[in-house]
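Protein sequence lines, in the order shown, are assigned to chains A and B. Numbering follows numbering that gives the first Met the number 0, in which position 65 of the first sequence is assigned residue number 64; successive positions increment by one, without gaps. Numbering follows numbering that gives the first Met the number 0, in which position 16 of the second sequence is assigned residue number 15; successive positions increment by one, without gaps. We put the CB at the ideal spot given by N, CA and C, even for glycine. Quick notes on the structure that follows.
2 protein chains.
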Amino acid sequence: MKVLVVDDDNLVAVSLKTILEAGGRMEVPALGHSGREAVALYESLRPDVLLMDIRMAEMSGLEAAEEILKRHPEAKILFLTTFSDDEYIVKALNLGAKGYILKQDFEGIAPAIDAVLGGQSVFGGEIVGKIPVLLQNKEEFDYSQYDINEKEQKIIELVAEGFCNREIAEQLFLSEGTVRNYISVILEKLALRDRTQLAVFYYKNR
Amino acid sequence: MKVLVVDDDNLVAVSLKTILEAGGRMEVPALGHSGREAVALYESLRPDVLLMDIRMAEMSGLEAAEEILKRHPEAKILFLTTFSDDEYIVKALNLGAKGYILKQDFEGIAPAIDAVLGGQSVFGGEIVGKIPVLLQNKEEFDYSQYDINEKEQKIIELVAEGFCNREIAEQLFLSEGTVRNYISVILEKLALRDRTQLAVFYYKNR
DNA sequence: GAAAAAATGTGACAGATGTCACAAACTTTG
DNA sequence: CAAAGTTTGTGACATCTGTCACATTTTTTC
Numbered sequence: 000m001k002v003l004v005v006d007d008d009n010l011v012a013v014s015l016k017t018i019l020e021a022g023g024r025m026e027v028p029a030l031g032h033s034g035r036e037a038v039a040l041y042e043s044l045r046p047d048v049l050l051m052d053i054r055m056a057e058m059s060g061l062e063a064a065e066e067i068l069k070r071h072p073e074a075k076i077l078f079l080t081t082f083s084d085d086e087y088i089v090k091a092l093n094l095g096a097k098g099y100i101l102k103q104d105f106e107g108i109a110p111a112i113d114a115v116l117g118g119q120s121v122f123g124g125e126i127v128g129k130i131p132v133l134l135q136n137k138e139e140f141d142y143s144q145y146d147i148n149e150k151e152q153k154i155i156e157l158v159a160e161g162f163c164n165r166e167i168a169e170q171l172f173l174s175e176g177t178v179r180n181y182i183s184v185i186l187e188k189l190a191l192r193d194r195t196q197l198a199v200f201y202y203k204n205r
Numbered sequence: 000m001k002v003l004v005v006d007d008d009n010l011v012a013v014s015l016k017t018i019l020e021a022g023g024r025m026e027v028p029a030l031g032h033s034g035r036e037a038v039a040l041y042e043s044l045r046p047d048v049l050l051m052d053i054r055m056a057e058m059s060g061l062e063a064a065e066e067i068l069k070r071h072p073e074a075k076i077l078f079l080t081t082f083s084d085d086e087y088i089v090k091a092l093n094l095g096a097k098g099y100i101l102k103q104d105f106e107g108i109a110p111a112i113d114a115v116l117g118g119q120s121v122f123g124g125e126i127v128g129k130i131p132v133l134l135q136n137k138e139e140f141d142y143s144q145y146d147i148n149e150k151e152q153k154i155i156e157l158v159a160e161g162f163c164n165r166e167i168a169e170q171l172f173l174s175e176g177t178v179r180n181y182i183s184v185i186l187e188k189l190a191l192r193d194r195t196q197l198a199v200f201y202y203k204n205r
């Protein structure tokens, strides 16, 4: 079974190769170190599974995956991640990745690859619990039709998080009065009455 | 490695036992046929993984899982499902199940169990793609844990529609002062600060 | 650099909001 | 029925909110 390993950090890539080949059932015919290499190596080797870091210079894992899946929709791509990059989970999911697992999780990686080959999708420990939350802050609302600028958008988001004017002022380095003025203008533009209606508007339009 | 198998349908349970033990690495010390049995067998056998049908008479897999996870939060529970019962996915997910896989997927089940033992969460083929959609179908929020009664729920809904106290009072045939008191109590119970946070809470929890 | 435009700020005001202590009306329970 | 509990209401109060007119500062444009 061929597994292509791609990671920015050569040490990680080599370690993974060692771990995977230790079981005797997997072969790692090449190591890549960027998204660009991933695409090229995938084409030439046609591995059963692609195990790839999600963050890389030159071309991110996500971009590479998009490219590869465009040409090979059946590709089995498993992302490697650290604890820190939650925000990519949803993108990876929508892209059609077969999983999202933690680099730290050495013993867990080989079984994960097996499971993917068996047609499953795999997510590292805590990740699944986060998916519902991450999906909530999904799509961007299109404010363009309402003549709402960036700063106003930012204020809308903070109102929709339940912050009061003083807190919003602190976060944006404005005075409380200015925030009040902004909100006044926003309410006028959206034909709403108060900040609660603004929060409601925010959640209903997404 | 001990795997407890629980399925309504004895044929399925026996088949699973055969498949899992074929590899030589897994042992299936018992077969259960209901949620109730699952709970009892889990207690007596303490398996490494519990593989359980989600729909069963007597006590559903979900209820059994809830019970087991209450006592053993580290329990590794994997649900078996057919194509038809999508609606349970989200519940299983929130409950803390380690996966949700398809019965049909014979070859995939053993690797899935391995992956779960390796600390991963596993989802059968198409299931992951459905999660975003399923999460959108706003389920009823469970207020029971917060000691929120029906009238209070109604008021929460009206606040979340953006109505002011006077409007809420009119709709519920209460005085404005009473509505204020209600909201005051609700905010206290939910540990929120103001009506906007209440509206935010409402939309974030569904 | 001066003029114009945009962003930010201030202060005053009215009204809405949330809290609290307590009262009145109604319902349930013994 | 009486006591106890629940629901609904009131009034006072401090605070937050939204509006407005206008001032100040910063940035853009010519």
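Inter-residue distance for L68(B) and A39(B) is about 13 Å (C-alpha atoms, whole angstroms). With the criterion set as a beta carbon lying under 8 Å from some beta carbon of chain A, the segment 44-72 of chain B has no members that meet it.
Apart from the 5 residues on each side of it in sequence, R194(B) sits with its Cβ closer than 7 Å to the Cβ of V158 and I182 in its chain, given in chain order.
Residue state for K97(B) is assigned as coil, using DSSP reduced to three classes. At least one CB atom of chain A sits nearer than 8 Å to the CB of S120(B). Membership of I76(A) in the beta strand (DSSP E) is indicated by the continuous run I76 to T80. In this structure the segment 171-179 of chain A does not touch the segment 3-14 of chain B; the number of beta carbon pairs closer than 8 Å is below three.
Distance from the CA of I155(B) to the CA of N180(B), rounded to the nearest whole angstrom, comes to 13 Å. Annotated three-state conformation of L30(A) is strand, per DSSP. Contact note: Q152(B) does not reach chain A at a C-beta cutoff of 9 Å; the least C-beta distance is about 17 Å.
Residue pairing of F122(A) in beta bridges, as defined by DSSP: Y99(A) and S120(B). Here the alpha carbon of K16(B) sits roughly 17 Å from the alpha carbon of L116(B). Every alpha helix (DSSP H) of 4 residues or more that sits fully in the segment 166-200 of chain B is shown, in chain order, as 175-189. Flagged as an interface residue toward chain A: P110(B), by a C-beta distance shorter than 8 Å. P110(B) and P28(A) have their C-alpha atoms spaced approximately 22 Å apart. Against L116(A), the close residues of chain B are P110, in the order they occur along the chain (beta-carbon pairs closer than 8 Å). Boundaries of the alpha helix (DSSP H) harbouring G60(B): G60 to R70, taken from the DSSP string. Taking 8 Å as the CB threshold, V158(B) lines the interface with chain A. Shown in chain order are the members of the segment 94-108 of chain A whose Cβ falls below 7 Å from a Cβ of chain B: I100, D104, E106 and G107.
By the neighbour-count criterion, in which 16 or more other beta carbons inside 10 Å mark a residue as buried, N93(A) falls on the exposed side. D47(A) carries a coil assignment under DSSP once its states are collapsed to helix, strand and coil. Rounded to the nearest whole angstrom, the C-alpha separation of L101(B) and L79(B) is 6 Å.
If you look at I155(A), you'll find it in the alpha helix (DSSP H) that goes E149 to V158. Q196(A) and F162(B) have their C-alpha atoms spaced approximately 8 Å apart. For A12(B), the enclosing alpha helix (DSSP H) has its first and last residue at N9 to A21.
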